[in-house]
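Worksheet for the structure shown next.
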Amino acid sequence: MGLITALSVAGCGSAGDDAGSRTKDASADGGGQPASDPVGADEWPLTIDNCGIEVTLHEPPQRVVTLNKPATEILLALGLRDRVAAVAGAPDDTVAAEVADDFAAVDVLVEKDYPSFEALVDTEPDFVYAAYPSAFRDDGVGSRETFADLGVPTYLSEGRCENRDEHEPISVEDIWSEITEIGRIFGVGDEADRLVADQREQLDQTLASLDGLPARTVYWWDMRTDTPFVGACCGAPGMIIDALGFQNIFDDLPGHWADANWEQVVERDPDMIVIADFGDGDAAEKLEFITSDPTLSQLRAVRNDALVTLPFAMTTPGIQTVDAIETLAQAAAEAGEEGE
Numbered sequence: 008m009g010l011i012t013a014l015s016v017a018g019c020g021s022a023g024d025d026a027g028s029r030t031k032d033a034s035a036d037g038g039g040q041p042a043s044d045p046v047g048a049d050e051w052p053l054t055i056d057n058c059g060i061e062v063t064l065h066e067p068p069q070r071v072v073t074l075n076k077p078a079t080e081i082l083l084a085l086g087l088r089d090r091v092a093a094v095a096g097a098p099d100d101t102v103a104a105e106v107a108d109d110f111a112a113v114d115v116l117v118e119k120d121y122p123s124f125e126a127l128v129d130t131e132p133d134f135v136y137a138a139y140p141s142a143f144r145d146d147g148v149g150s151r152e153t154f155a156d157l158g159v160p161t162y163l164s165e166g167r168c169e170n171r172d173e174h175e176p177i178s179v180e181d182i183w184s185e186i187t188e189i190g191r192i193f194g195v196g197d198e199a200d201r202l203v204a205d206q207r208e209q210l211d212q213t214l215a216s217l218d219g220l221p222a223r224t225v226y227w228w229d230m231r232t233d234t235p236f237v238g239a240c241c242g243a244p245g246m247i248i249d250a251l252g253f254q255n256i257f258d259d260l261p262g263h264w265a266d267a268n269w270e271q272v273v274e275r276d277p278d279m280i281v282i283a284d285f286g287d288g289d290a291a292e293k294l295e296f297i298t299s300d301p302t303l304s305q306l307r308a309v310r311n312d313a314l315v316t317l318p319f320a321m322t323t324p325g326i327q328t329v330d331a332i333e334t335l336a337q338a339a340a341e342a343g344e345e346g347e
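The sequence shown maps to residues 8 to 347 in our numbering.
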């Protein structure tokens with residue numbers, strides 16, 4: 008089949024479970040649905056429960072700071088560039104194509120990691136939006152309570168709530184629910200509905216392309232060659248694999264990500280291997296390792312060239328999730344009947 012990358016569909020349409028800590032350095036995280044109900048002028052203040060924290064807004068935010076790229080991409084996909092005061096994380100070639108121009112135009116507080124609390128507050132935000140729980144930890148920008156004391160509402164992606172059961176899988180529906188809620192918060196419910204409908208259509212078309220193909224077993228290799236860090240049951244890897252009706256070979260491990268060992272990989276001998284690409288030659292190094300190792304090179308997926316690389320941006324929940332699902336589906340289709 009040959010090596011499949013995400014580039015062909017990119018323009019379409021953490022400790023452990025925290026993607027915010029999953030950097031290369033860490034190896035040394037619609038259709039048929041009722042329309043959303045935009046908040047009318049008589050419905051403010053708006054109070055929502057977000058990850059067990061009561062958040063009250065008195066009007067739609069006008070100066071937002073986003074702390075992770077998936078959050079930034081959602082706002083930009085909803086047409087809210089003029090309300091983004093600043094972002095953490097510089098744009099690169101893994102930004103979703105449909106928002107790349109807007110992303111390039113926003114102010115960047117820091118290119119990597121998180122800004123200091125003081126630098127963030129200096130932007131005078133009226134809303135802080137994060138996709139990863141690491142943003143609101145001590146080594147992030149500061150606790151949500153600290154921002155609440157300043158009168159600044161915060162929001163964390165629901166699929167990444169720290170009080171979430173580690174055995175509870177996230178789903179694409181969770182992403183769409185977040186988009187709908189963000190649309191409600193910002194008073195752009197119609198735009199949120201359109202975005203969700205477009206993503207539903209893309210996913211439906213992807214699933215239809217798999218008709219008649221056998222299910223696959225999949226190993227999701229996140230990082231590290233000594234003790235592989237793998238996609239577990241209940242995070243983005245599990246979500247993407249489950250959406251296709253495939254089986255994650257490590258769906259017995261709780262949480263989003265987990266440590267495993269190569270003996271387990273050999274024993275479970277997957278039909279396909281997904282390789283997360285953190286850039287700077289990361290994917291090439293992994294490919295060299297797995298194809299040159301005397302034992303790992305004999306894995307079914309390696310012998311059949313059923314190897315799929317996904318950029319880091321596609322390996323965390325967000326608007327690029329449907330693209331990741333499509334990429335994996337394309338790889339399965341190219342593999343033909345080899346999984347039988």
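For each residue, glycine too, the CB sits at the ideal point set by N, CA and C. Because the structure is a prediction, the values reported are computed rather than measured.
Can you round the beta-carbon distance between Glu198 and Leu85 to whole angstroms, since I take them to be within the 8 Å contact cut? Contact holds; Cβ gap of about 5 Å.
Cβ neighbours of Val273 in the same chain (closer than 8 Å, five flanking residues each side left out): Thr302, Leu303, Leu306
Cα separation between Met279 and Ala336? Their backbone Cα atoms lie some 11 Å apart in a straight line.
With DSSP as the reference, label Val62 as helix, strand or coil. If DSSP states are grouped into helix, strand and coil, Val62 belongs with the strands.
Count the other C-beta atoms from every protein chain shown that fall within 10 angstroms of the C-beta of Leu157, then say buried if there are 16 or more, exposed otherwise. exposed
Count the other CB atoms, across all protein chains shown, that sit within 10 Å of the CB of Ala215; report buried if there are 16 or more and exposed otherwise. exposed
Buried or exposed for Gly149, please, with buried defined as at least 16 other CB atoms from any protein chain shown within 10 angstroms of its CB. buried
Here's the rule I'm using: 16 or more other beta-carbon atoms within 10 Å means buried, otherwise exposed. How should Asn255 be labelled? buried
Phe110 in three-state terms, based on DSSP: helix
For the stretch 92 to 107 against the stretch 202 to 217, do three or more pairs of beta-carbon atoms, one drawn from each stretch, fall closer than 8 Å, so that the two count as touching? no
Secondary structure at Leu251, three-state DSSP: helix, strand or coil? Coil.
Please state if the CB of Gly245 and the CB of Ala3 are separated by a distance shorter than 8 Å. Residue 3 is absent from the model: the chain starts at 8 and stops at 347.
Who pairs with Phe236 in a beta bridge, going by DSSP? Met230, Asp266
Could you pull out every residue in the same chain whose Cβ sits closer than 6 Å to the Cβ of Ala93, ignoring the five residues on either side in sequence? Val72, Asp114, Leu116, Thr130
Which class does Ala67 belong to by DSSP, given the choice of helix, strand or coil? A small correction: the amino acid at residue 67 is Pro; Ala does not occupy that position in the sequence shown. The three-state secondary structure of Pro67, taken from DSSP, is coil.
Residues in its own chain within less than 6 Å of Ala331 by CB, not counting five upstream and five downstream? Same-chain partners within the cutoff: Ile247, Leu317, Met321.
Look up Thr224 in the DSSP assignment and say whether it is helix, strand or coil. strand
Go through its chain and collect everything with a Cβ distance to Gly238's Cβ below 7 Å, but skip five positions before and after it. Trp227, Asp229, Pro244, Gly245, Asn255, Phe257, Trp264
Close Cβ partners of Arg70 (< 8 Å) along its chain, the five nearest in sequence each way excluded: Arg90, Ala92, Thr130, Glu131, Pro132, Asp133, Phe134
Between Ile326, Ala155, Arg88, Ala338, which has its C-alpha nearest Thr187's C-alpha? Comparing Cα-Cα distances from Thr187 to each of Ile326, Ala155, Arg88, Ala338, the minimum goes to Ile326.
Check whether Ile182 and Gly166 have beta carbons under 8 Å apart: yes
For Val329, which residues from the same chain have a beta carbon less than 6 Å from its beta carbon, with the 5 sequence-adjacent residues on both sides left out? Gln206, Gln209, Leu210
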